[in-house]
Each structure stands twice: as structure tokens, then as C-alpha cells.
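Visitor: Structure provided below as C-alpha cells; questions to follow.
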Amino acid sequence: MKKEQIYLFDTTLRDGAQTQGVDFSIQDKIKIAKALNTLGIDYIEAGWPGANPLDTGFFKSKPSLDKSTLVAFGMTKKHGRSADNDPGLSSILDANTQSVCVVGKTWDYHVEVALQITNEENLVNIKETAKHFVKNNKEFMFDAEHFFDGFKNNKDYALSCIQAAYDNGARWVVLCDTNGGTLPHEISEIVGEVSKIIPGTNLGIHAHNDTENAVANSLAAVIAGARQIQGTLNGLGERCGNANLISIIPSLLFKNYFKDKFHISVDEHKVSYLTDCSRLLDEILNRKPNKRAAYVGSSAFAHKGGLHVSAVQKDPKTYEHINPEVIGNMRSIVVSDQSGKSNIISRLEKLNIKIDPSDEKIQKILDEVKDREFSGYSYDGADASFELLTRRLLGQVPDYIQIKSYEVKVIKEDNKTHNLNSIAKATLLIDGKEYLCEGKGNGPVNALDQAIRNNLENIGKYSEYLSDLKLIDYKVRILNTGTNAVTRVSIESTDQSNDSWFTIGVSPNIIEASFKALIDSIDYKLYKSKAPAGSK
Ligand SMILES: [Zn+2]
Numbered sequence: 019m020k021k022e023q024i025y026l027f028d029t030t031l032r033d034g035a036q037t038q039g040v041d042f043s044i045q046d047k048i049k050i051a052k053a054l055n056t057l058g059i060d061y062i063e064a065g066w067p068g069a070n071p072l073d074t075g076f077f078k079s080k081p082s083l084d085k086s087t088l089v090a091f092g093m094t095k096k097h098g099r100s101a102d103n104d105p106g107l108s109s110i111l112d113a114n115t116q117s118v119c120v121v122g123k124t125w126d127y128h129v130e131v132a133l134q135i136t137n138e139e140n141l142v143n144i145k146e147t148a149k150h151f152v153k154n155n156k157e158f159m160f161d162a163e164h165f166f167d168g169f170k171n172n173k174d175y176a177l178s179c180i181q182a183a184y185d186n187g188a189r190w191v192v193l194c195d196t197n198g199g200t201l202p203h204e205i206s207e208i209v210g211e212v213s214k215i216i217p218g219t220n221l222g223i224h225a226h227n228d229t230e231n232a233v234a235n236s237l238a239a240v241i242a243g244a245r246q247i248q249g250t251l252n253g254l255g256e257r258c259g260n261a262n263l264i265s266i267i268p269s270l271l272f273k274n275y276f277k278d279k280f281h282i283s284v285d286e287h288k289v290s291y292l293t294d295c296s297r298l299l300d301e302i303l304n305r306k307p308n309k310r311a312a313y314v315g316s317s318a319f320a321h322k323g324g325l326h327v328s329a330v331q332k333d334p335k336t337y338e339h340i341n342p343e344v345i346g347n348m349r350s351i352v353v354s355d356q357s358g359k360s361n362i363i364s365r366l367e368k369l370n371i372k373i374d375p376s377d378e379k380i381q382k383i384l385d386e387v388k389d390r391e392f393s394g395y396s397y398d399g400a401d402a403s404f405e406l407l408t409r410r411l412l413g414q415v416p417d418y419i420q421i422k423s424y425e426v427k428v429i430k431e432d433n434k435t436h437n438l439n440s441i442a443k444a445t446l447l448i449d450g451k452e453y454l455c456e457g458k459g460n461g462p463v464n465a466l467d468q469a470i471r472n473n474l475e476n477i478g479k480y481s482e483y484l485s486d487l488k489l490i491d492y493k494v495r496i497l498n499t500g501t502n503a504v505t506r507v508s509i510e511s512t513d514q515s516n517d518s519w520f521t522i523g524v525s526p527n528i529i530e531a532s533f534k535a536l537i538d539s540i541d542y543k544l545y546k547s548k549a550p551a552g553s554k
């Protein structure tokens, strides 16, 4: 059987860019377009020329792409103007792309309320716009806005709108669930009906995630006949987002139903770039990657329970639906108090620590982890503290900085203000020499952190290794173990390499817990930077 092609259309740079808090620069847009091209996406909708200087600028300096076709976006011509004299349509042509995608109304309610024109006038706008781009030799796509709501409200009219686009030369008619409220069974039914009038090979789906069904809706549309899927990287998009291409692609490529019937341009080789591509967007947006993201999240192939871990080591298929490596992700083994030796061994392997499985130190590490977990430590997600713990037990981490003493004060000076000041002092020992550090902060932990950080230049030979160390997240949890409450502090740190690492500290005292996590972060940074050991 010959496989049919499903075309992938990415709108991260257009629909995704309309998200709250997203503000791409031209360089960001070029970076993303290149990544999508490497992945092998068929169409990249890169913006709305004429709508803002940034998008117009992007098309002026558009990157040359060998795999993907750039698409300029816009809307149907305005009522009362000819297509040739419509400035919006001219801007789209000026973008000089091979393909254009133009949105138009298909819900009569919107025609009346938003456009305030007659249904007939809207049909003319769609028809004239299609003709105009076809005449100008463009591959024309019609985004049928609010199609599913329109279909439910006035089926004949919604169909006549897309028919007008198709009959006048639209290569693609894209059915949009603009408000995102449609469910998969409705998508199946409606796309099925539409495909009786317009061939599925000319139909696309543009789903929004307002019921958490954008991916399911996109797949349902394909099953019902549509052959183009529009979506974004990581589901970026306004409100709850767009259909997430990062989740859709591997399902099309690896799940038998789709794999047997369809072909996509992201082949088995290029898809290994998928995880990187997802993380690149997070990096550009300065967001923390979603651990729980399907396929590409760092937890997507993380195993915790001792039983799970030993089964996964016998055959990963026991607890994994696909092999993480094919999409550029990896398996991770999470240590917990349920874990046995096999957990520890796998985790050491991941850290590139070579150890004989029969080495008695493994038991020592396991006992230490269990002891600490009993007192409130949790090494799930605190990789750096785990690595330090094991390497210290194996004698691989030297002493760098020793803490001789520290002192923290919280001062409220004035009754009228709510300001609390915290002052911290710490005496550090490096190579036998004492360094007194002082810091001020809005809280005791902040003050302690400042005491060390502000004095980096004074703390001798380690200053060069620590100057780019940054604390990016700080979390406190109070745990109740029996009669005593203990505090668990976790810190996320980063440096100029952009790696981030997590360390933890536990103590009945919040300051001490914070300090332990902070010192682990510094030690980890020194260890990873291969800083020299301190002398006694
Ligand atoms: Zn949209």
C-alpha cells in the first residue's frame, strides 16, 4: 500500500508568538525557523507581514531554508476594497514567499458581530482573496476561522465559505477550532462530513488546546481524512496553547496505525532532533522545560520504583512505550527509598562513575541514601547533591571551602515600616586561611547567600570558578517526621554553560538547611569546573 503524506505546518512564529509573555526578536525567529527546517517541517508560518515591523522585518531578512517552505500570514481582503487595492494583501505579497495562509470568517455569528457585513459580502471577500493569490502564483491556504463553531451554528454557510476558497484555487482549506472547545468525536464527525465535499488531501486541521484535546483533535482529523496538521513547538499559543507538534510528530511516526498508513517529512533520522528542538524553544523563551512533557520531558522516561527499575534494566519495554533515544531523549533512573542496589548502579552509570557491581561501596552508598531519606532528604531531582554524596563516599571530591562558623541576624528597626533586614556573617576556611564574609538581604537565607556571593572576589583561588554561579530557584518544604518538623530546601543553580543543577539540604533549622543546599551548589560548581583542592 502506498503511504499518504501528512503535511506538517508549524505556526510557532505566528500563532505561538501571540502568546502572553512571548516576545521573539528577529534573531529568535531565525533560530527557530532553522531548527524547524532541520527537523523537516513542511511549512513554517513565520508571521504576519504588515501587521508589525518585526514580522515585516523578518520576511525582509528571511533565512534560506532547504527543507521547509516559509508561509506569510494575513487575513482576507477588507469589504469595500478590491483585492488589488487592499494594503493587507499587498503586504503579504511583498513578503515574497511561495505560500500564503489567509484567515477568513466561516461562522455567520462572527460575520455579523465582528465584521458587521452580510454573509454574502464575506463570501465575496474569501472568493476574491483566493483568486488574487492564485493569480499571483502563490500556493494559497485558507484558514477557516471558527470553522467548527460555525458548522454547528450554520452548517450550510460554514461549508459555503470553505467551498468558495476551494473552488477558487485554495491548495489547502484549514479547519480551525479557534476557540478550542471542540472534542475529538465532534472533530471526527465534522471533518468526515467536510471531506465528502472537499477532498481530505486538501484539508488541514488547526486545533487549540482549551479542552486539553488539541493533539487528540489533530489526530482525529487525520483519521477522518485531513492531511495537514497545524501546530506549534511545545504547544506554544495563546490561552491554553495550540496543538503540540512535539507530541504529534512521534505519534505519527512510531504508532502503528499512523506509521502504516502515512508518511511525514520528519523521518526516523531527523526525529532524533525532537527533544533538542523542544528545549531550544524553552531556552529562547527563558522557560524551564516541562519535565512531564510527553516524549521529550525529562520525566517521560524516568523510573523510580525498585521493581520498575530492575524490570526496565532487563528490558526497557516493560515500562516504556517507545525507546527514548529515537527522539533524542533519555532514560533516567530516580533514586528513592524504595530503591535497591540496581537503582544505585544505574544512576552511577549515568554519572559515568565506573564501579564493579559487586563492590561493597555500593551498599555503603545505598545505606547512606536510605539514612538520609529517612531524615528528610529526597534525591529525586537533586542530581547534583546525589552526585556529590556518592563521589564523596568514593573519595573523589576534595575539600574546597570549609565553613568555620556563621551567624545570621534578623533585625526590625522601625515600627512604622514593614522592612526586616537580615545580616549574615560567615567565616570560610580556604587553604588554612580565614575569610570573613558579610552580606545583607531581605531574609536570612538571602543574606547568607549574599555573604558568600558578594565576597567571591575575596575568597581567593576559587573566585574565578564561582563568578558565573547563579541561583535560579529556591524552594522550601516543611516535613513532619514524627515529633520534629524538619525543613528541606532545594536550590537550582546555573552558570554560563546554561546547565542547571539541583542541590538539597535538610535540617530542623531552615538556615542550616539552606546553607547545606547552598554549599552543595558551590561544591558542585567547583567539582564540575575541576577546581583545585584546598590544602589543609
Ligand atoms: Zn490559532
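What the sequence shown shows, in my numbering, is residues 19 to 554, in sequence order.
Ideal Cβ positions, reconstructed from N, Cα and C, are used throughout, including at glycine.
So if DSSP puts E207 in a beta bridge, which residue, or which two residues, is it bridged to?
Guide: The residue labelled residue 207 in the question sits at position 189 within the sequence shown. According to DSSP, E207 bridges with nothing at all.
Visitor: Would you kindly report the start and end of the unbroken beta strand (DSSP E) that includes F520?
Guide: Residue mapping note: residue 520 aligns to position 502 of the sequence shown, counting from 1. Unbroken beta strand (DSSP E) run through F520: 518 to 525.
Visitor: Please classify Q246 as buried or exposed, where buried requires at least 16 other C-beta atoms within 10 Å of its C-beta.
Guide: Residue 246 sits at position 228 when you count from the first residue of the sequence shown. Classification for Q246: buried.
Visitor: Hey, how far is the Cα of N304 from the Cα of S350?
Guide: Against the sequence shown, residue 304 aligns to sequence position 286. Against the sequence shown, residue 350 aligns to sequence position 332. Taking the straight line joining both Cα atoms gives about 24 Å.
Visitor: Whole alpha helix (DSSP H) runs in the region 358 to 434 with 4 or more residues, listed along the chain?
Guide: The qualifying runs are 359 to 368, 379 to 392, 401 to 411.
Visitor: Considering Cα atoms alone, identify which of T250, H224, V121 is closest to A35.
Guide: For the purposes of this step, residue 35 is taken as the residue at position 17 of the sequence shown. Of the candidates T250, H224, V121, the one whose C-alpha sits nearest the C-alpha of A35 is T250.
Visitor: Need the endpoints of the alpha helix (DSSP H) that Q181 sits in, please.
Guide: Position 163 of the sequence shown holds residue 181. Residues 173 to 185.
Visitor: Helix, strand or coil for Q514, going by three-state DSSP, please let me know.
Guide: Counted from its first residue, the sequence shown places residue 514 at position 496. Q514 falls in the coil class under three-state DSSP.
Visitor: Taking Cβ positions only, does K430 come closer than 8 Å to chain B?
Guide: In summary, chain B is missing from the structure at hand, where a single protein chain is found.
Visitor: Using 7 Å as the cut-off, classify the Cβ of H164 as near or not near the heavy atoms of ligand 1, replying yes or no.
Guide: On the sequence shown, position 146 is the one that residue 164 refers to. Flag unset: Cβ of H164 not near ligand 1.
Visitor: Assign A551 to one of two classes, buried (16 or more other C-beta atoms within 10 Å of its C-beta) or exposed (fewer than that).
Guide: Taking the first residue of the sequence shown as 1, we reach residue 551 at position 533. Flag for A551 reads exposed.
Visitor: Taking the alpha helix (DSSP H) that L574 falls in, what are its first and last residues?
Guide: Examination of residue 574 is not possible in this model, given that the chain is present from 19 through 554 alone.
Visitor: Does at least one heavy atom of ligand 1 sit under 7 Å from the Cβ of N260?
Guide: To locate residue 260, count along the sequence shown from 1; it is residue 242. Yes, the beta carbon of N260 sits closer than 7 Å to at least one heavy atom of ligand 1.
Visitor: Please work out which residues of its chain come closer than 8 Å, Cβ to Cβ, to A101, disregarding the five sequence neighbours upstream and downstream, and give them in chain order.
Guide: Here residue 101 corresponds to residue number 83 of the sequence shown, with the count starting at 1. Only K95, L107, E146, T147, K149, H150 meet the Cβ criterion.
Visitor: Relative to ligand 1, is the shortest distance from any of its heavy atoms to the C-beta of H281 smaller than 7 Å?
Guide: Position 263 of the sequence shown holds residue 281. No, the Cβ of H281 stays beyond 7 Å of every heavy atom of ligand 1.
Visitor: Looking at C-alpha atoms only, which residue of T196, A244, T37, Y545 is the closest neighbour of R189?
Guide: Translated into positions along the sequence shown, residue 189 becomes position 171. Answer by Cα proximity: A244.
Visitor: In or out: C258 buried (at least 16 other Cβ within 10 Å) or exposed?
Guide: Counting from 1 along the sequence shown, the entry for residue 258 is found at position 240. Under this definition C258 is an exposed residue.
Visitor: Would the C-beta of D33 count as close to ligand 1, meaning under 7 Å from any of its heavy atoms?
Guide: Start at 1 with the first residue of the sequence shown, and residue 33 comes out as number 15. Yes, the Cβ of D33 comes within 7 Å of a heavy atom of ligand 1.
Visitor: Taking Y418 as the reference, give the member of A402, L438, I144, L447 with the closest Cα.
Guide: Here the question's residue 418 lines up with position 400 in the sequence shown. Checking every option, the nearest Cα to that of Y418 belongs to L447.
Visitor: From which residue to which residue does the beta strand (DSSP E) around L88 run?
Guide: Locating residue 88 in the sequence shown gives position 70, where the first residue counts as 1. Here the beta strand (DSSP E) through L88 covers 87 to 93.
Visitor: Hey, would you say L237 sits closer than 8 Å to S283, going by beta carbons?
Guide: As a first step, residue 237 is located in the sequence shown; it is residue number 219 there, counting from the start. As a first step, residue 283 is located in the sequence shown; it is residue number 265 there, counting from the start. Cβ distance not < 8 Å, so L237 and S283 don't count as in contact.
Visitor: Using the rule of at least 16 other Cβ atoms within 10 Å of the residue's Cβ for burial, across every protein chain shown, is R365 buried or exposed?
Guide: In the sequence shown, residue 365 corresponds to position 347, counting from 1. The residue in question, R365, is buried, as its Cβ has 16 or more Cβ neighbours within 10 Å.
Visitor: From E405 to I50, what does the alpha carbon distance come to, in whole angstroms?
Guide: Here residue 405 corresponds to residue number 387 of the sequence shown, with the count starting at 1. Here residue 50 corresponds to residue number 32 of the sequence shown, with the count starting at 1. For E405 and I50, the distance between alpha carbons rounds to 34 Å.
Visitor: Given 7 Å as the limit, tell me if T196 has its C-beta closer than that to any heavy atom belonging to ligand 1.
Guide: The residue labelled residue 196 in the question sits at position 178 within the sequence shown. Within the cutoff, so yes.
Visitor: Does the region 65 to 83 touch the region 287 to 304, meaning 3 or more C-beta pairs lie closer than 8 Å?
Guide: No, the region 287 to 304 is not in contact with the region 65 to 83.
Visitor: Have a look at the DSSP bridge pairing and note the partners of M159.
Guide: Locating residue 159 in the sequence shown gives position 141, counting from the first residue. In the DSSP output, where bridge partners are listed per residue, M159 has C119, W190.
Visitor: Using a 10 Å radius around the Cβ and a threshold of 16 neighbouring Cβ atoms, would you call R5 buried or exposed?
Guide: With the chain represented from 19 up to 554, any question about residue 5 goes unanswered, as that position is not in the structure.
Visitor: Just reading off the alpha helix (DSSP H) that E130 is part of, what are its end residues?
Guide: In the sequence shown, the residue the question calls residue 130 occupies position 112. Premise fails: E130 is in no alpha helix (DSSP H) and is neither H nor E.
Visitor: Cβ of H128 versus every heavy atom of ligand 1: is any distance shorter than 7 Å?
Guide: As a working note, residue 128 is residue 110 in the sequence shown. No, the beta carbon of H128 sits no closer than 7 Å to any heavy atom of ligand 1.
Visitor: Within this structure, are the beta carbons of G122 and A162 separated by less than 8 Å?
Guide: For the purposes of this step, residue 122 is taken as residue 104 along the sequence shown, with counting starting at 1. For the purposes of this step, residue 162 is taken as residue 144 along the sequence shown, with counting starting at 1. Yes. Within cutoff.
Visitor: Going along the chain, which unbroken runs of the beta strand (DSSP E) with 3 or more residues stay wholly within the region 244 to 273?
Guide: 246 to 249, all fully within the region 244 to 273.
Visitor: Judging by CA-CA distance, which residue of S553, G92, S515 is the nearest neighbour of D104?
Guide: For the purposes of this step, residue 104 is taken as the residue at position 86 of the sequence shown. Answer by Cα proximity: G92.
Visitor: Quick test of the definition: if touching needs 3 or more C-beta pairs under 8 Å, does the region 181 to 198 touch the region 207 to 226?
Guide: The region 181 to 198 is in contact with the region 207 to 226.
Visitor: Please determine if the region 25 to 33 and the region 41 to 60 are in contact, where contact requires at least 3 C-beta pairs separated by less than 8 Å.
Guide: Yes, they touch.
Visitor: Would you kindly work out how many angstroms separate the C-alpha atoms of A183 and N155, rounded to a whole number?
Guide: Numbered from 1 along the sequence shown, position 165 holds the residue referred to as residue 183. Numbered from 1 along the sequence shown, position 137 holds the residue referred to as residue 155. Going from the Cα of A183 to the Cα of N155 covers about 15 Å.
Visitor: In or out: T521 buried (at least 16 other Cβ within 10 Å) or exposed?
Guide: Numbered from its first residue, the sequence shown carries residue 521 at position 503. Buried, since its Cβ has 16 or more Cβ neighbours within 10 Å.
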